[in-house]
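Q:
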Amino acid sequence: SQTIHQWPATLVQPVGSPLSLECTVEGTSNPNLYWYRQAAGRGLQLLFYSVGIGQISSEVPQNLSASRPQDRQFILSSKKLLLSDSGFYLCAWSTPGGRAGSFYGYTFGSGTRLTVV
Amino acid sequence: AQTVTQSQPEMSVQEAETVTLSCTYDTSESDYYLFWYKQPPSRQMILVIRQEAYKQQNATENRFSVNFQKAAKSFSLKISDSQLGDAAMYFCAYRTPIYNQGGKLIFGQGTELSVKP
Numbered sequence: 001s002q003t004i005h006q007w008p009a010t011l012v013q014p015v016g017s018p019l020s021l022e023c024t025v026e027g028t029s030n031p032n033l034y035w036y037r038q039a040a041g042r043g044l045q046l047l048f049y050s051v052g053i054g055q056i057s058s059e060v061p062q063n064l065s066a067s068r069p070q071d072r073q074f075i076l077s078s079k080k081l082l083l084s085d086s087g088f089y090l091c092a093w094s095t096p097g098g099r100a101g102s103f104y105g106y107t108f109g110s111g112t113r114l115t116v117v
Numbered sequence: 118a119q120t121v122t123q124s125q126p127e128m129s130v131q132e133a134e135t136v137t138l139s140c141t142y143d144t145s146e147s148d149y150y151l152f153w154y155k156q157p158p159s160r161q162m163i164l165v166i167r168q169e170a171y172k173q174q175n176a177t178e179n180r181f182s183v184n185f186q187k188a189a190k191s192f193s194l195k196i197s198d199s200q201l202g203d204a205a206m207y208f209c210a211y212r213t214p215i216y217n218q219g220g221k222l223i224f225g226q227g228t229e230l231s232v233k234p
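From first to last, the protein sequence lines are chains V and H. With the first letter of the first sequence counted as 1, position 94 gets the number 94 in my numbering; the numbers rise by one all the way through. With the first letter of the second sequence counted as 1, position 33 gets the number 150 in my numbering; the numbers rise by one all the way through.
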């Protein structure tokens, strides 16, 4: 069965420090991968998505970057964190599902709560 | 650009009663998916129900059903026989076609549902 791992669960980082959040998927190949951010009490904002190794699409210009060094690994990074980077970060994967009916849904990781101080 | 709107920030329902959460979306595509996700205090994203736009029949999952009005671009969620465990934030989401923006999920701002005993 497919599983998604996201770590760490909680992170407190000082302003200006680097960031690396990792997400890995097991039990599937060539997944679509996504990074979302959720501010307290708000909806989820898509940050990045990837349809293949080395293919990254950015949704929101910001202080963050993403990489996909392996098929089932998705990394969210920052060189220097800002206070506004605080939030709840969720990784998700889906099957590509190009044809109607061949798409089965999304699976989300358990999230990382990032507090920048 | 596609948008998803949930006009009810908060809703309340008596235990064992029925409640309907509203969602509208905007798209020029004809083939897409719609979802309702539940997010309890743990912040884990849990799939409640999904609807494929090319299917006219409304999706149903046990006590959860949707009213999908494609022409009106409306996708409401009905929860019957509400239970205390249904209390959570509910998100409506639209999936872009895989050939357009990589099959990403676009979320509404959420509806906080409380269930009164």
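By construction, the Cβ of each residue, glycine as well, lies at the ideal position given by its N, Cα and C atoms.
1) Return helix, strand or coil for V:Gly87, following the three-state DSSP convention.
2) Considering only the alpha carbon of each residue, which of H:Pro157, H:Glu146, H:Leu164 and H:Thr144 lies closest to H:Leu194?
3) Terminal residues of the continuous beta strand (DSSP E) containing H:Ala188?
4) Return helix, strand or coil for V:Gly52, following the three-state DSSP convention.
5) List, in order along the chain, the chain V residues whose C-beta lies closer than 7 Å to that of H:Phe185?
6) Verify the CB distance criterion: does H:Met162 have a CB-CB separation below 7 Å to chain V?
7) So what's H:Asp203 in DSSP terms, helix, strand or just coil?
8) Ends of the beta strand (DSSP E) at H:Tyr149?
9) Does chain V have any CB closer than 7 Å to the CB of H:Gln226?
A: Working from what's here:
1) Within the first sequence, numbered from 1, the residue matching residue 87 of chain V stands at position 87. V:Gly87 falls in the strand class under three-state DSSP.
2) As a working mapping, residue 194 of chain H is identified with position 77 in the second sequence. Taking only the C-alpha atoms, the option nearest H:Leu194 is H:Leu164.
3) Here residue 188 of chain H corresponds to residue number 71 of the second sequence, with the count starting at 1. Per DSSP, H:Ala188 belongs to no beta strand (DSSP E) and is neither H nor E.
4) Within the first sequence, residue 52 of chain V is the residue found at index 52, counting from 1. V:Gly52 falls in the strand class under three-state DSSP.
5) Here residue 185 of chain H refers to the residue found at position 68 when the second sequence is read from its first residue. Going along chain V, no residue has its Cβ under 7 Å from H:Phe185, so there is no contact; the nearest lies around 15 Å.
6) Here residue 162 of chain H refers to the residue found at position 45 when the second sequence is read from its first residue. Judged by the 7 Å Cβ criterion, H:Met162 is in contact with chain V.
7) For the purposes of this step, residue 203 of chain H is taken as residue 86 along the second sequence, with counting starting at 1. Helix at H:Asp203.
8) Position 32 of the second sequence holds residue 149 of chain H. First-last for H:Tyr149: undefined, no H or E at that position.
9) Here the question's residue 226 of chain H lines up with position 109 in the second sequence. Output row for H:Gln226: interface = yes.
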